[in-house]
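**Q**
Residue numbers (my numbering): 57 to 384.
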């Protein structure tokens, strides 16, 4: 009984984690790219890296918190613009290759030893070096607070303040996405996804709208990078190819072209992985399955479940099958 109680508490802790929130925000941006516009972006981690490092480096160089956020947004938008101008006209598979290559170039650049005084190199930058301004904004009193069995410092490194801000941003970006997709602009995006030629015949420029969508989704990805940096550390390998693949799993699980799909997908992705790992570690002898192997087993089972989902419900849990009619 104690194990199951502890597991439920760990599930809640994982669901409310700032890291989970960061993946939700980045997946919302990916949903703008792929779900609503049909852009095969396999480099969303690159936008997270640009946004996260843009924010952190700005704060560490004496820039105020809100100007640093604006710099992060501008950096993410500029990366999208530079990436998008030569590539958004490409077919899906070619665009995928370009975006994953661009994201990897950024990651490897951030790891370089000769700029480690700026980026921290492979080990990254500890949040204690840039969190002061963020902590100073906290309206919460000093000390710890217990809520739903979870106990954290109100303000600190792993704290309630980070969680409140992270999930407030999730709510904000879900609202922005809902408003955008219900607008005439959003309807044009859906039209581009389904039939570019039809949109072009109405006098709209698919290139322009795709570029706008890439920039907006990229800025959201940048905010995901900011939120990812708050709990502990920002480092290049925390925003690698695996991060992008996880975002795709989250989006496909929850449902592309839906508002709440990224939210549901991220929570399920992290919670299910935790449950599989915890149950395997508890009930399978260590001589048969050690902790590292239990983690590998979790990934194998998640991959298998995703295969079943793609086969039997390709639209995801919340998705509409009609929304998957993408134009090549």
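We treat Cβ as the ideally placed atom computed from N, Cα and C, and that holds for glycine.
Grouping DSSP H, G and I as helix and E and B as strand, with all else coil, what is residue 186?
**A** coil
**Q** Under a three-way DSSP split, which group does residue 181 fall into?
**A** strand
**Q** Helix, strand or coil for residue 147, going by three-state DSSP, please let me know.
**A** Residue state, collapsed to three classes: coil.
**Q** Under a Cβ-count criterion, where at least 16 other Cβ atoms within 10 Å of its own Cβ denotes burial, should residue 207 be classed as buried or exposed?
**A** exposed
**Q** What's the C-alpha gap between residue 129 and residue 138?
**A** 14 Å
**Q** The beta strand (DSSP E) with residue 200 in it runs from where to where?
**A** 200-203
**Q** If you compare alpha carbons, which of 248, 285 and 227 is closest to residue 147?
**A** It is 248 whose Cα lies nearest to the Cα of residue 147.
**Q** Could you give the first and the last residue of the continuous beta strand (DSSP E) run that contains residue 209?
**A** 206-209
**Q** Can you name the start and end residues of the alpha helix (DSSP H) that residue 292 belongs to?
**A** Per DSSP, residue 292 belongs to no alpha helix (DSSP H) and is neither H nor E.
**Q** Do residue 259 and residue 107 count as a contact pair if the criterion is CB distance below 8 Å?
**A** no
**Q** Taking its Cβ as the centre, do 16 or more other Cβ atoms sit within 10 Å of residue 54, making it buried, or is it exposed?
**A** This structure does not reach residue 54, given that the chain is present from 57 up to 384, and the question cannot be answered.
**Q** Terminal residues of the continuous alpha helix (DSSP H) containing residue 302?
**A** 297-310
**Q** Excluding the 5 residues flanking residue 219 on each side, which residues of the same chain have their C-beta closer than 7 Å to its C-beta?
**A** 72 and 74
**Q** Counting only runs of 4+ residues fully inside the stretch 57-124, write out the alpha helix (DSSP H) ranges in chain order.
**A** 58-71, 74-86 and 100-116
**Q** Please report the distance separating the alpha-carbon of residue 110 from that of residue 343.
**A** 46 Å
**Q** Would DSSP call residue 215 helix, strand or coil?
**A** strand
**Q** Say whether the stretch 304-315 touches the stretch 286-294, bearing in mind that this needs 3 or more beta-carbon pairs closer than 8 Å, one atom from each stretch.
**A** These segments do not touch.
**Q** What first and last residue would you give for the alpha helix (DSSP H) that runs through residue 359?
**A** 347-368
**Q** How far does the alpha helix (DSSP H) with residue 253 in it reach, from first residue to last?
**A** 252-257
**Q** Rounded to the nearest angstrom, what separates residue 181 and residue 105 at their Cα positions?
**A** 12 Å
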